[in-house]
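In this text, residue positions in the sequence shown follow the numbering used here: the first is 5, and each later residue adds one. No residue lacks a Cβ here, since even glycine has one placed at the ideal position from N, Cα and C. None of the values given here were measured: they were computed from a predicted structure.
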Amino acid sequence: MSVESVDFPEECWELVFRFLGQGHHLEPVSMVCKKFLSITNGLQFSLTVFDPTALLLPQLLLRFSRLKIIDLSHFSGDLESMLRQISQSGLDLDLLNLSNQRTIPVDGLRELGSKMINLKALICSNIGSLHDSHLVVIAYCFPHLQEIDISFPLNSQASDFGILRLSTLLESLHKINLSGNYLITDKSLISLCHNCLTLEEISFFNCFKVTQSGIATAIRLSRSLTSISFNIEKKRIHRPGLALISINLDLIDSIRSLKKLTTIDLTNSFISDELLFSVADGCGLVLKKLVLHDCCNCTFAGISYLLSKCQSVQWLDLRKLDFLTDECISKISLFLHNLTSIDLSGCCQLTNSTFYIVTRSCPLLNEIKMERTYLGVEGQDEYQSLMDFTLSKNQVKNVYLGDNVLLDDASVIKFASICPSLQLLDLNACEGVSGECIVEVLKRCCEIRHLNLAYTGVKFFEIEFQVSQLEVLNLSGSRIDDEALSVISRKCCGLVLLDIQSCGYITEKGVREIIENCIALRELNLEDCSLLYDDACLEFSRPSLRKIITTSGVGVNC
Numbered sequence: 005m006s007v008e009s010v011d012f013p014e015e016c017w018e019l020v021f022r023f024l025g026q027g028h029h030l031e032p033v034s035m036v037c038k039k040f041l042s043i044t045n046g047l048q049f050s051l052t053v054f055d056p057t058a059l060l061l062p063q064l065l066l067r068f069s070r071l072k073i074i075d076l077s078h079f080s081g082d083l084e085s086m087l088r089q090i091s092q093s094g095l096d097l098d099l100l101n102l103s104n105q106r107t108i109p110v111d112g113l114r115e116l117g118s119k120m121i122n123l124k125a126l127i128c129s130n131i132g133s134l135h136d137s138h139l140v141v142i143a144y145c146f147p148h149l150q151e152i153d154i155s156f157p158l159n160s161q162a163s164d165f166g167i168l169r170l171s172t173l174l175e176s177l178h179k180i181n182l183s184g185n186y187l188i189t190d191k192s193l194i195s196l197c198h199n200c201l202t203l204e205e206i207s208f209f210n211c212f213k214v215t216q217s218g219i220a221t222a223i224r225l226s227r228s229l230t231s232i233s234f235n236i237e238k239k240r241i242h243r244p245g246l247a248l249i250s251i252n253l254d255l256i257d258s259i260r261s262l263k264k265l266t267t268i269d270l271t272n273s274f275i276s277d278e279l280l281f282s283v284a285d286g287c288g289l290v291l292k293k294l295v296l297h298d299c300c301n302c303t304f305a306g307i308s309y310l311l312s313k314c315q316s317v318q319w320l321d322l323r324k325l326d327f328l329t330d331e332c333i334s335k336i337s338l339f340l341h342n343l344t345s346i347d348l349s350g351c352c353q354l355t356n357s358t359f360y361i362v363t364r365s366c367p368l369l370n371e372i373k374m375e376r377t378y379l380g381v382e383g384q385d386e387y388q389s390l391m392d393f394t395l396s397k398n399q400v401k402n403v404y405l406g407d408n409v410l411l412d413d414a415s416v417i418k419f420a421s422i423c424p425s426l427q428l429l430d431l432n433a434c435e436g437v438s439g440e441c442i443v444e445v446l447k448r449c450c451e452i453r454h455l456n457l458a459y460t461g462v463k464f465f466e467i468e469f470q471v472s473q474l475e476v477l478n479l480s481g482s483r484i485d486d487e488a489l490s491v492i493s494r495k496c497c498g499l500v501l502l503d504i505q506s507c508g509y510i511t512e513k514g515v516r517e518i519i520e521n522c523i524a525l526r527e528l529n530l531e532d533c534s535l536l537y538d539d540a541c542l543e544f545s546r547p548s549l550r551k552i553i554t555t556s557g558v559g560v561n562c
């Protein structure tokens, strides 16, 4: 019986296909029959446009009639023409990303706005040049915007005038990112919080004309804030010293009034324990995300108090707080029962014990980042940590351990043994890790999909079993050769992306074997492979392959 003759409603097939995933995961299904192709086309809600894709855009817009998101941040061609095509497509977009462009395409936005006034989100991060007039055009063209990102323009001429006009015209604004617009002052922040009554999320990193008093006033005008992200500038006297800064008491009191706050990000700030106390006293019961990356002037006492009051925290970022020790992590782990992600990168005193402590004490933990730490060194209580560990409770899927120069095979194998559900392992620049270790990891963690072994000591794999789940493998800068590629091609035939950039022992023979055996391969990076030549790279082909980066760094779309 053919698939098309099965009497099964399209809505049911949609539910089945949604379960399979997005993008390349649906390609095999779409090739079964015309009916499945039509259904999978309708499940494509997001489109990223690259320069080679531009010529096919009219057909793609027709094919994917239910698109809600278009990303033009990787496109470097005629943006005005691109927006005109999109405006004539009949689509009803929710989000448009124009990041990384030279300037705001005013005429294209006007035309798009005449057809898509319901656009909800506009992302314009890292724009070359941003002016007040651009903000006024955006506000007039898209009056129903709920989210706007104008962060970190290379040349910002946006001032309080532009932000004031924006705030008066966008009454439905929920989220705004003003970071890096160095001309704006307290007036911008206050006008946003006063005029946009639905404002819930605001970010203004590196806006150093905004004062602590201005932040306090703005916060009091917007008690509905659920997310706030900013930094209090570190004042340097003579390197490496920092000038002491007093934290405004009004700011401390205003933060205490934010009872709905679920996210606070104070990255690279000069803060105080008193400020942390105010966060704890204000939103202790609802805080979900806490970021104190590279903060100074606070102590472990402030962090511990905050986490003891905010035991619903799910995402915790304590990067570069170099006063943290294994003992500190052991103490705060008592409050982290709801934690799903922790980033302790750059905390140079943390050893293997911390890894065991957080995986044992946080039953919901999904992601651990411990890059540039003291991993590879056994802590004082490591034996007890291992004895106490309950394997069946562990849910960790993503582990980032890059740049740990002391990390060795024995430690990595122990970590893998207590994280059997691992799907992503990043060992970038861990030179003490060998191929034998990786084989042991793959035996213990059969669900691994993403493996980063860039610039490690890996030379060869002796894999005697199928690694069927592995989709992304990064071996750039490693010392693998054709023999290693031959093993990978036979045992990791489900690869979708292979990065062997700067692998000086790879020849055409090894690459051909990979392409022949890895039938799902979509992207291959061969940049700086000294024994390969661009002409040879261009001959590599298979139906699934979408992109090859040649030895000279040129991206060729197949």
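List the DSSP bridge partners of ILE152. Partner(s): LEU126 and ILE180.
Might you give, ordered along the chain, the residues of its own chain that have their beta carbon closer than 8 Å to the beta carbon of GLN399, omitting 5 neighbours on each side? Cβ-Cβ distances below 8 Å link GLN399 to PRO367, LEU368, LEU369, ASN370 and SER425 in the same chain, with the five nearest sequence neighbours on each side left out; the list follows chain order.
Boundaries (first-last residue) of the alpha helix (DSSP H) holding THR377: That residue, THR377, is in no alpha helix (DSSP H); it is neither H nor E in DSSP.
GLU520: first and last residue of the uninterrupted alpha helix (DSSP H) it sits in: Counting along the chain, the alpha helix (DSSP H) containing GLU520 begins and ends at 512-521.
Pick from SER118, ASP190 and ILE523: whose alpha carbon is nearest that of ILE492? Out of SER118, ASP190 and ILE523, ILE523 has the C-alpha closest to the C-alpha of ILE492.
Taking C-beta to C-beta, are LEU569 and THR555 nearer than 8 Å? Nothing can be reported for residue 569: it is not among the residues displayed for the chain, which extend from 5 to 562.
Rounded separation between THR460 and ILE417 - CA only: Whole-angstrom Cα-Cα distance: 15 Å.
DSSP bridge partner residues for LYS72 (one or two, in chain order): Note: LYS72 sits in no beta bridge, so no partner.
Let me check understanding here. Comparing Cα to Cα, which of GLY498, ILE519, ASN456 and VAL476 lies closest to ASP486? Closest in alpha carbon position to ASP486, among GLY498, ILE519, ASN456 and VAL476, is ILE519.
State the Cα-Cα distance for the pair ASP298 and LEU126, rounded to the nearest angstrom. Using only the alpha carbons, I get a separation of about 30 Å.
Any contact between the region 80-87 and the region 134-144? By contact I mean 3 or more CB pairs, one from each, below 8 Å. No, the region 80-87 is not in contact with the region 134-144.
Could you give the distance in angstroms between the alpha-carbon of VAL582 and the alpha-carbon of GLN318? In this structure the chain extends from 5 to 562, so residue 582 is not present and cannot be described.
Does the beta-carbon of TYR378 have 16 or more other beta-carbons within 10 angstroms, so that it is buried, or is it exposed? Counting of Cβ neighbours within 10 angstroms places TYR378 among the buried residues, the total reaching 16 or more.
Just to confirm my understanding: we take VAL500, look at its own chain, exclude 5 residues before and 5 after, and list those with CB closer than 6 Å. What are they? Hits under 6 Å: GLU475, ALA524 and ARG526.
Measuring CA to CA, which of ARG224, PHE156, MET120 and ILE121 is closest to GLN105? For GLN105, the nearest C-alpha among the options comes from PHE156.
Start and end residues, alpha helix (DSSP H) containing GLU115: Taken as a continuous stretch (DSSP letters only), the alpha helix (DSSP H) holding GLU115 covers 110-119.
CYS423 (DSSP reduced to helix, strand or coil): Correct three-state label for CYS423: coil.
Give the DSSP-derived three-state secondary structure of ILE188 in the structure shown. Residue state, collapsed to three classes: coil.
State whether the region 258-269 contacts the region 300-307, with contact taken as three or more CB pairs (one from each stretch) at a distance under 8 Å. Segments in contact, no.
Given ARG516, which residues of its chain have a CB within under 8 Å of its CB, disregarding the five upstream and five downstream residues? Residues PHE544 of the same chain have their beta carbon placed closer than 8 Å to that of ARG516, with the five preceding and five following residues left out of the count.
In its own chain, which residues sit with a C-beta less than 8 Å from the C-beta of ASP330, not counting the 5 before and 5 after it? Non-local beta-carbon contacts of ASP330 in its own chain, meaning distances under 8 Å to residues more than five positions away in sequence, involve GLN353, LEU354, THR355, SER357, THR358, ILE361, GLY383, GLN384 and ASP385 in chain order.
Who are the near neighbours of ALA420 in its chain, counting only those whose CB is closer than 8 Å to its CB and skipping five residues on each side? The residues LEU426, LEU429, GLU444, VAL445, ARG448 and CYS449, in chain order, have a CB closer than 8 Å to that of ALA420 in the same chain once the five nearest residues on each side in sequence are set aside.
Three-state class that DSSP yields for CYS434 in the structure shown: For CYS434, the three-state secondary structure derived from DSSP is coil.
So, using beta-carbon positions, are ILE152 and ILE180 closer together than 8 Å? A distance below 8 Å separates the beta carbons of ILE152 and ILE180.
Mark GLU375 as exposed unless 16 or more other C-beta atoms lie within 10 angstroms of its C-beta, in which case mark it buried. Its Cβ being crowded by 16 or more others within 10 Å, GLU375 is buried.
Quick check: ILE236 and PHE274, are their CB atoms within less than 8 Å of each other? Yes.
Cα-Cα, which of GLY306, LEU410, PHE79 and ASP269 is closest to LYS335? Nearest C-alpha to LYS335: GLY306.
Return the bridge partner residues of GLU444 from the DSSP annotation. Partner(s): none; GLU444 has no beta bridge.
For VAL558, count the other beta carbons within 10 Å of its own beta carbon; 16 or more makes it buried, fewer makes it exposed. Which is it? The residue is exposed, with fewer than 16 neighbouring Cβ atoms inside 10 Å.
CA-to-CA distance, ILE256 to THR221, given in whole angstroms: Rounded to whole angstroms, THR221 and ILE256 show a C-alpha spacing of 11 Å.
From GLN473 to GLU451, what distance separates their C-alpha atoms? Looking at the two C-alpha atoms, the distance is approximately 6 Å.
Which of the three DSSP states, helix, strand or coil, is assigned to TYR537? In the three-state DSSP reduction, TYR537 falls in the coil class, being neither helix nor strand.
Would you check if the distance between the CB atom of GLU435 and the CB atom of VAL409 is smaller than 8 Å? For GLU435 and VAL409, yes; Cβs fall inside 8 Å.
Would you say ILE510 and LEU489 are within 8 Å of each other, going by their C-beta atoms? Here ILE510 is near LEU489, since their CB atoms are less than 8 Å apart.
Go through the region 77-106 residue by residue and report every complete run of the beta strand (DSSP E) that reaches 3 residues or more, in order. Restricting attention to beta strand (DSSP E) runs no shorter than 3 residues, the region 77-106 encloses them at 99-101, ordered along the chain.
Apply the 10 Å Cβ neighbour rule to SER587 and answer buried if 16 or more other Cβ atoms are within range, or exposed otherwise. Any answer about residue 587 is impossible in this case: the structure gives the chain only from 5 up to 562.
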